[in-house]
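Note that the protein sequences, when read in sequence, are chains A and B.
Residue numbering for the first sequence follows this note's numbering, starting at 21 and increasing by one per position.
Residue numbering for the second sequence follows this note's numbering, starting at 163 and increasing by one per position.
Worksheet: one structure, shown below.
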Amino acid sequence: DAGVTQSPTHLIKTRGQQVTLRCSPKSGHDTVSWYQQALGQGPQFIFQYYEEEERQRGNFPDRFSGHQFPNYSSELNVNALLLGDSALYLCASSPEPGQGAHEQYFGPGTRLTVT
Amino acid sequence: AQSVSQHNHHVILSEAASLELGCNYSYGGTVNLFWYVQYPGQHLQLLLKYFSGDPLVKGIKGFEAEFIKSKFSFNLRKPSVQWSDTAEYFCAVNAGPGGSYIPTFGRGTSLIVHP
């Protein structure tokens, strides 16, 4: 049973560029959440997708956008990259949103470095 | 907005010592509480969770946590740690409906257990 997978593992981009990160949820899960984890900090919630719609959003600017596909996989897009966007980006899946009551299964993350 | 505080950022213990990691949150309504662990080189994974009922929750690997509503706390405990408990520990809160079930993580506690 495959867990949550993310690609790519590492990415280096230049300021002002755009980036797309990808996530496949754990088998049987239909809800995907994205987090940003800066060095030495806990994961910070970006947004959550369910039924191909953004259901919840954290305190992130519109430069951060996402998409969920019919097969429940998801993409995170970040436009106009800033140095401060350098972080580990985590994807997590759960079996439906469940009003926050479900545990989340995390992927290994994508390490984004903006130079 | 809800917040989560983990008081101990770095903890160093010897094997067989007892462990207690503090976690306090700021939201006064209904909460779902979690402790996640990240072992070196591995994904974030769930240790234990509290939704309702018995405030003393038991998780994997001998860990437990106690929800004290009056203190807004959800401290993690283990009577006797092992070298294999060396990891990063994160407390997380999912508050709602006023908190809109947006997950909030603490900044984490790095635990090192010496053999």
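Even for Gly, the Cβ is constructed at its ideal location relative to N, Cα and C.
According to DSSP, what are the bridge partners of residue i?
i, result
"Arg239(B)", "Glu182(B), Glu226(B)"
"Gly86(A)", "Leu96(A)"
"Lys211(B)", "Phe196(B)"
"Thr271(B)", "Tyr251(B)"
"Gln26(A)", "Cys43(A)"
Could you tell me if residue i is buried or exposed, where buried requires 16 or more neighbouring beta carbons within 10 angstroms of its beta carbon?
i, result
"Ala107(A)", "buried"
"Tyr109(A)", "buried"
"Asp216(B)", "exposed"
"Ala112(A)", "buried"
"Leu218(B)", "exposed"
"Ser94(A)", "buried"
"Gly261(B)", "Interpretation of Gly261(B) is limited by its pLDDT of 49, a score under 50 that renders its predicted location unreliable; the figure taken from the coordinates is listed afterwards. Flag for Gly261(B) reads buried."
Of all the CB atoms in chain A, is at least one closer than 8 Å to the CB of residue i?
i, result
"Tyr189(B)", "no"
"Lys142(B)", "No answer is possible for residue 142(B): the residues shown for chain B start at 163 and end at 277."
"Phe225(B)", "no"
"Ile274(B)", "no"
Taking 8 Å as the threshold (beta carbon to beta carbon), is residue i in contact with chain B?
i, result
"Gly14(A)", "The displayed coordinates of chain A run from 21 to 135. Any statement about residue 14(A) would go beyond what the structure contains."
"Glu123(A)", "yes"
Given that residue i touches chain D, what residues does it touch there, using C-beta distances under 7 Å?
i, result
"Gly184(B)", "The chain labelled as chain D is not found among the protein chains of the depicted structure, namely A and B."
For residue i, I'd like the list of residues in its chain whose CB is within less than 6 Å of its CB, leaving aside the five on either flank, ordered along the chain.
i, result
"Arg239(B)", "Glu182, Glu226"
"Gly203(B)", "none"
"His172(B)", "Ser272"
| Are three or more beta carbon pairs between the segment 194-203 of chain B and the segment 79-92 of chain A nearer than 8 Å? | Inter-segment contact for the segment 194-203 of chain B and the segment 79-92 of chain A is absent: fewer than three beta-carbon pairs are separated by less than 8 Å.
| Counting pairs of Cβ atoms below 8 Å between the segment 268-275 of chain B and the segment 166-182 of chain B, do you hit three or more? | yes
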